[in-house]
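Report on the following structure.
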């Protein structure tokens, strides 16, 4: 079996071995989801809407971003910083394996488990809470939403690496990551759909990468974007992927040079 | 005795702050992050209110009071109980054994002594917003403020018991971080008045996981919306929880087997 | 020559920080640093199948040299060629033929059985199925871990884990094996087992093995040839027997006396290092050791008598002098 596939498989089994940890994590996710869910349930009037979002649309948005989160955000690659710091990176430099692909594979293993649970949880919530939701029927739109989710996945992965590379120069990898997570929590749209913000703010956000991690894929799914808007969004997010990838390459090269200069 | 513990707490806090200062860059970033988090959610609330005028019957400054109170309690709790976040490393490495040997209550040591002075900035911001919203709401009596402060203290006590339970789980299973973060996620539900949650969630959040008692009761009492019975219930709940948690702690200590190398 | 090193130097900057709070503040403004010469102009060549020991006190530059040879560090000066490659270019074909076992850094996945990591390494190094089965069978038999491969790594003892880590590093039959302080932290029995394994592996597979250690026992047991480094320079490169003959032709005899003795009753030709009843420590030339020991046991009432090698730090000191 291909080595990277094996890494993903091992990560899956590792998650099974760490099941208590994992289940606790999923419980936390459910609590966070419920908080947002009930907030919007309370705010949106019964047959009315909040800035264009009816109950079905908003609740679909909230539940949907939760699913996209398990696709795009579930990861292990936040561990890169510590691995560089404690010198375990050496173990990989000595092997003929691509470090990025290795971590990407670990992420994939993690995502698989998270997606499985997310689907189970959402099904359970659906049966318990009976939320009115919106089902997209256009296959092509669903397809575009999936494409956008994959771009979101890659984008977030690259961000994780970028933050992890700080480990080459500083033992403190968690502080920058903390700020990143806070920014992500608001600007990716997990708390609210970004287009409820004032137009000028929203236009600015459309240029940022965060928008395309959760908000954009869901917005496509909700069928509220025109074809042009979808293509433009995909284009912008793809550009961001290239930009961040480029940064990653440069900083990695510098980092490795520093690492192999000083050793760990 | 109290003086001794106070002195020890102060020394440990000084050390913890020095350690934080060594990674000065990181410490400042963390504070910045917390302030941002507060600011973003506040802006979100303002956005909501600007369109809906009320959230479950509460107007803007009332909603802000709920959020600011949550932040105040949350920050106070984190400030004093920061050491719990390090507990796992102590148990796993076996350092916890040293706690048990020293002539200081290991419970005290495990709970307090890791305070980060930088958290004070967030504390001040919360206090500032609480005061601001109190003035904006107006129509506040002195007794209301006193009950408010009493219930804040009560909330801290409940939080304390939760942290003790977390320590107990940590001793018995070496699992700390997840339960700690679970506590944070559950209490986060109190950022807004728990009125927004439907039953049975609201009931659960009031009596079983007393987030409602911690976060929603204080502002409600300030606004004269809380009955005397509720205040009584709040105090009883915290007392009972405290008693149970201390019993559990004693149990955990007696079951403790030190970690192998 | 499978490995050739010519005038290798590795210098790096170490920052100095004054202690205490004020020191932290000062370090915000200006930092002083010194140049540390970890490796300072060393040259040597190693042939296929050799088992060479790099010995020296802590900080002598042993690990740094190994890291340069494996590509983990790039040299400040000098040329290195291993298997015809320049190590720090870290070409895939180069990496497939080497292995580096570093003390505390584990590569086994903690929550999974060791076998899973071995299978992963099989894929990483492109080891064909039959070779893989062969190496697992042989190595696990040699190390006596046949039944342990399917148990979760976290459930294994330290010694068992080390053995599995070793197998994981050898899955691809590396032509060159770097071992950095392989016996550190292990008990005496494990140390011996590990040494036997390394010796056997070198004999059977003709792998070139370079190990660093500051235990004299490791080196005595394994290496015919030793390279002694001190403060970044080579102070001796040759056969171990020559080293001992030349620089440490003595042993330390430590006696725990049962009954006090008159210091004059000790043969004046013997060199006394310590005499503080009940301890008596003598430095005795190798040829005289057996005689001296039996004399002591005959003439004095003793509770305990041990014969130890010269401390390697002592040997190095002598070599350097």
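Chains as they are written, first to last, in our numbering: chain A, 705 to 968; chain B, 285 to 545; chain C, 1036 to 1356.
We treat Cβ as the ideally placed atom computed from N, Cα and C, and that holds for glycine.
Item                                                                                                                                                                        : Value
Determine, using beta carbons only, whether residue 1143 of chain C and residue 1188 of chain C come nearer to each other than 8 Å.                                         : yes
Out of C:1169, C:1211 and C:1194, which has the shortest C-alpha to C-alpha gap to residue 1379 of chain C?                                                                 : Any question about residue 1379 of chain C goes unanswered here, given that chain C covers just 1036 to 1356.
Anything in chain A within Cβ reach of residue 1147 of chain C, meaning under 8 Å, just list it in chain order.                                                             : 714, 717, 718 and 721
For a test of the three-state rule: what should DSSP assign to residue 710 of chain A, helix, strand or coil?                                                               : helix
Can you tell me which of the three DSSP states residue 918 of chain A falls into?                                                                                           : coil
Please report how far the alpha carbon of residue 1137 of chain C lies from the alpha carbon of residue 1277 of chain C, in whole angstroms.                                : 29 Å
For residue 1249 of chain C, which of helix, strand or coil comes out of DSSP?                                                                                              : coil
Going by the CB atoms, is the gap between residue 1098 of chain C and residue 1247 of chain C shorter than 8 Å?                                                             : yes
When the distance is taken between beta carbons, is residue 842 of chain A closer than 8 Å to residue 781 of chain A?                                                       : no
Using a Cβ-Cβ cut-off of 8 Å, state whether residue 406 of chain B counts as contacting chain A.                                                                            : no
Just checking: is the beta-carbon of residue 544 of chain B within a distance shorter than 8 Å of some beta-carbon in chain A?                                              : Reliability of the predicted coordinates at residue 544 of chain B is poor, the pLDDT of 38 falling under 50, and the value obtained from them is presented with this limitation in mind. No, residue 544 of chain B lies away from the interface with chain A (no Cβ there is under 8 Å from its Cβ).
So residue 310 of chain B is in the alpha helix (DSSP H); what residue range does that whole segment cover?                                                                 : 308-336
From which residue to which residue does the beta strand (DSSP E) around residue 1083 of chain C run?                                                                       : Here residue 1083 of chain C belongs to no beta strand (DSSP E), and DSSP marks it neither H nor E.
For the beta strand (DSSP E) containing residue 1230 of chain C, list its first residue and its last residue.                                                               : Looking at the DSSP string, residue 1230 of chain C is not in any beta strand (DSSP E); the run it does join, the alpha helix (DSSP H), is 1223-1240.
Which residues in chain A have a C-beta closer than 7 Å to the C-beta of residue 1196 of chain C? List them in chain order.                                                 : Simply none; closest approach about 15 Å.
Chain B beta carbons: is any one of them nearer than 8 Å to that of residue 910 of chain A?                                                                                 : no
Under 8 Å, Cβ to Cβ, is there at least one residue of chain A near residue 473 of chain B?                                                                                  : yes
To which residues of the same chain is residue 796 of chain A closer than 6 Å at the C-beta, ignoring the five residues directly before and after it?                       : 803
Taking residue 750 of chain A as part of the alpha helix (DSSP H), name the residues at either end of that continuous run.                                                  : No alpha helix (DSSP H) holds residue 750 of chain A; DSSP gives it neither H nor E.
Counting only Cβ pairs nearer than 9 Å, list the residues of chain A close to residue 1167 of chain C.                                                                      : Within 9 Å Cβ-Cβ: nothing; residue 1167 of chain C doesn't reach chain A, min ~13 Å.
Secondary structure at residue 838 of chain A, three-state DSSP: helix, strand or coil?                                                                                     : coil
Name the DSSP bridge partner or partners of residue 342 of chain B?                                                                                                         : B:339
Does DSSP put residue 1340 of chain C in a helix, a strand or coil?                                                                                                         : strand
Which same chain residues, not among the five before or five after residue 544 of chain B, have their C-beta less than 7 Å away from its C-beta?                            : Confidence in residue 544 of chain B is poor, its pLDDT being 38 and thus under 50, which makes the residue's placement unreliable; the coordinate value appears in the next sentence. Here the set comprises nothing.
Could you tell me which chain C residues have their CB closer than 7 Å to the CB of residue 875 of chain A, listed as they occur along the chain?                           : The premise fails here: residue 875 of chain A is roughly 13 Å from chain C at the closest Cβ pair, so nothing lies under 7 Å.
Establish whether the CB of residue 1135 of chain C and some CB of chain A are separated by less than 8 Å.                                                                  : yes
To which residues does DSSP link residue 1043 of chain C through a beta bridge?                                                                                             : C:1077
With DSSP collapsed to three states, give me the class of residue 1264 of chain C.                                                                                          : strand
According to DSSP, simplified to helix, strand and coil, what is residue 527 of chain B?                                                                                    : helix
Could you round the C-beta distance between residue 785 of chain A and residue 893 of chain A to whole angstroms and report it? I think they count as a contact, below 8 Å. : Going by Cβ atoms, the distance from residue 785 of chain A to residue 893 of chain A rounds to 26 Å, so no, they are not a contact pair.
Let me make sure I understand the geometry here. Which of A:938, A:711, A:729 and A:708 has the alpha-carbon closest to that of residue 822 of chain A?                     : A:729
For residue 859 of chain A, count the other beta carbons within 10 Å of its own beta carbon; 16 or more makes it buried, fewer makes it exposed. Which is it?               : buried
Looking at C-alpha atoms only, which residue of A:929, A:897, A:940 and A:877 is the closest neighbour of residue 332 of chain B?                                           : A:897
Spatial neighbours of residue 1116 of chain C within its chain, please: C-beta separation below 6 Å, excluding the five flanking residues on both sides.                    : 1039
Under the rule that 16 or more other beta-carbon atoms within 10 Å means buried, what is residue 1361 of chain C, buried or exposed?                                        : For residue 1361 of chain C there is no data in the structure shown, the boundaries of chain C being 1036 and 1356.
Report the three-state DSSP secondary structure of residue 1259 of chain C (helix, strand or coil).                                                                         : coil
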